[in-house]
Each structure stands twice: as C-alpha cells, then as structure tokens.
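Novice: In the working numbering, the protein residues as written are 49 to 293. This is the structure I have questions about; it appears just below.
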Ligand code: PGA
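Here it is in structure tokens:
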C-alpha cells in the first residue's frame, strides 16, 4: 500500500495562507497519499486550490450529530458536503485540552463513517503513562473504543501519536513506533481478522521533520506519518513526502 503523509495544520494558516501554500507546494513525482487538515475557515480555499492535484483535504474535528443546536461545532455531513474526504478524530489536543473522551471519539468515528468520511483515529500515551509502563494498555483501550464502530470492510486510518512527542521536538525512536504499531496491529487482527488488519494504515505522529522522516517511514509497521509543525512549510512537507514510499 502507498504510505500516507498527512499534515495537521491545527489552529494555524488563514485561507490566504492556504492558497499560498498550495501555490508553493509541488506534488509532482511524489508517491505517497497526501492529505492536509486545515482549519474549517481555510478548508474551502485549500480544497479549491489543490483540486485535481492529488492532495486530499480533511477536517480536524467533527461533532457526532448531523445538525442541530451545537454552537461552534461542525458535522461530518457538512464536512463531506464541503469536499472533505477525511476527519481527524481524537487528536491528543482534543482529548487533553478539550476533555474529549474515548466514548466521544467512538461516536465521532460512527458519524464520520455515516457521512462517508475516512476517519483518522489518533491514539497515544502521555509521558507519565509511558514511564509507568502503560503504553500498550492505554493505546489498546483507546483503539477498543472505536473497534465496535468499524468492520473488516471499513476504510479508516490510525495515527499513533505519543503525547510527549507532539510539538516538543522529542520523537519516538523508530523502534518505539514499531512496538506501539505492533500492539495496535495485533488488536486489529484479533478484532477484524488478518487481511482487514493489514489494510488499515497506521501512521506515526509526533515531531516528524525532514531530518527524521526517512527513518520513521522505513520502520516496520509504519504506514505513514501525521505531521504538525513541519507541515506548515511547503518545502519541509515536500521533503517529508519524498521520504515516503
Ligand atoms: P508535531 O504535531 O509534528 O508538531 O509534533 C503532530 C500532531 O499533533 O499531529
């Protein structure tokens, strides 16, 4: 399968800046599946600017209801109608800064699938959880919360993002990434069967940069990367994508 190189722009990049990114970013010759997650306000501008250029655009968060009195929220149906193909769900900033629970993450995965979006489900342990030897327990609990929502046929992705590596400059070693991805893959095999488990790309995220992307992307079980800070610059996003197969 093609590796996935995804950029999460978080609360950065205006619509005008998104257009400038699209003008400067050259997807020609890249073999990876390319995916960008702008803010909702830059979404339309970016989607128009990259249309037909082999880059897909997704949203960073959705609500689980399809419409209604939920001020400030965006539904999966609205995202799909605007041209989104993917939705990030359960990013650690949503979980830790905004109190999103495993149960809410599960509901959002159902909503994304209902609307035809491909969910990118983020999981990952905190530093305290890692130090306490609880990595496998935490990420298994997080992935179990969504496994009831998917079947062997579901198109979805997982991003393993250790919380201590996000935006800190600390990166998991390729061995750390492989170990966590193996834990997740084993769970997928148990719940979905071997063939279906292999078809779910598991991305690594957390301080991925041009300088470390190649070794992370070459690690066993790493099917792509989810990039925050380094995805804001078209040249560094391109350099990371060049490291993907
Ligand atoms: P970072 O963010 O690359 O800036 O560490 C990754 C993410 O939060 O997806």
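Even for Gly, the Cβ is constructed at its ideal location relative to N, Cα and C.
Would you say residue 128 lies against chain C (beta-carbon separation less than 9 Å)?
Specialist: No chain C is present in this structure, which holds just one protein chain.
Novice: Quick check: is any heavy atom of ligand 1 less than 8 Å from the C-beta of residue 250?
Specialist: Residue 250 sits at position 202 when you count from the first residue of the chain shown. It does not: the Cβ of residue 250 is nowhere closer than 8 Å to a heavy atom of ligand 1.
Novice: Should residue 167 be labelled buried (16 or more other beta-carbon atoms within 10 Å of its own) or exposed?
Specialist: The residue labelled residue 167 in the question sits at position 119 within the chain shown. Residue 167 comes out buried.
Novice: Would you mind sorting residue 58 into buried or exposed? The rule is 16 or more other CB atoms within 10 Å of its CB.
Specialist: As a working note, residue 58 is residue 10 in the chain shown. With 16 or more Cβ atoms within 10 Å of its Cβ, residue 58 is classed as buried.
Novice: Out of curiosity, what's the CA-to-CA distance linking residue 130 and residue 106?
Specialist: Position 82 of the chain shown, counting from 1, holds the residue named residue 130. Position 58 of the chain shown, counting from 1, holds the residue named residue 106. When rounded, the distance between both Cα atoms is 10 Å.
Novice: Compare the C-alpha of residue 193 against each of 152, 51 and 111 and name the closest.
Specialist: In the chain shown, residue 193 corresponds to position 145, counting from 1. Looking at the Cα atoms, 152 is the closest of the given residues.
Novice: Heavy atom of ligand 1 less than 8 Å from the Cβ of residue 214, yes or no?
Specialist: As a position in the chain shown, residue 214 is number 166, starting the count at 1. The answer is yes for residue 214.
Novice: What do you reckon, is the C-beta of residue 253 under 8 Å from a heavy atom of ligand 1?
Specialist: Numbered from its first residue, the chain shown carries residue 253 at position 205. It does: the Cβ of residue 253 is within 8 Å (strictly closer) of some heavy atom of ligand 1.
Novice: Just list the alpha helix (DSSP H) runs in the region 61–130, keeping only unbroken ones of 4 residues or longer that don't cross its boundaries, in chain order.
Specialist: You should have 63–72, 88–98 and 124–129.
Novice: Spell out a yes or no on whether the region 64–73 and the region 266–274 are touching, meaning 3 or more CB-CB pairs, one atom from each, closer than 8 Å.
Specialist: Judged by Cβ distances under 8 Å, the region 64–73 makes no contact with the region 266–274, as fewer than three pairs qualify.
Novice: Roughly how many angstroms lie between the CA atoms of residue 208 and residue 271, to the nearest whole one?
Specialist: Within the chain shown, residue 208 is the residue found at index 160, counting from 1. Within the chain shown, residue 271 is the residue found at index 223, counting from 1. Rounded to the nearest angstrom, the two C-alpha atoms are 11 Å apart.
Novice: Out of curiosity, what's the CA-to-CA distance linking residue 134 and residue 144?
Specialist: On the chain shown, position 86 is the one that residue 134 refers to. On the chain shown, position 96 is the one that residue 144 refers to. Distance between the alpha carbons of residue 134 and residue 144: 22 Å.
Novice: Among 163, 91, 73 and 74, which one has its Cα closest to the Cα of residue 60?
Specialist: Residue numbering aside, residue 60 sits at position 12 when the chain shown is read from its first letter. Ranking 163, 91, 73 and 74 by Cα distance to residue 60 puts 91 first.
Novice: Would you give the residue range spanned by the alpha helix (DSSP H) that residue 231 belongs to?
Specialist: In the chain shown, residue 231 corresponds to position 183, counting from 1. It spans 222–240 - the alpha helix (DSSP H) in which residue 231 sits, taken as one unbroken run.
Novice: Between the alpha carbons of residue 201 and residue 235, how many angstroms are there, rounded?
Specialist: Residue numbering aside, residue 201 sits at position 153 when the chain shown is read from its first letter. Residue numbering aside, residue 235 sits at position 187 when the chain shown is read from its first letter. In a straight line, the C-alpha of residue 201 is about 16 Å away from that of residue 235.
Novice: What first and last residue would you give for the alpha helix (DSSP H) that runs through residue 161?
Specialist: Against the chain shown, residue 161 aligns to sequence position 113. Here the alpha helix (DSSP H) through residue 161 covers 150–162.
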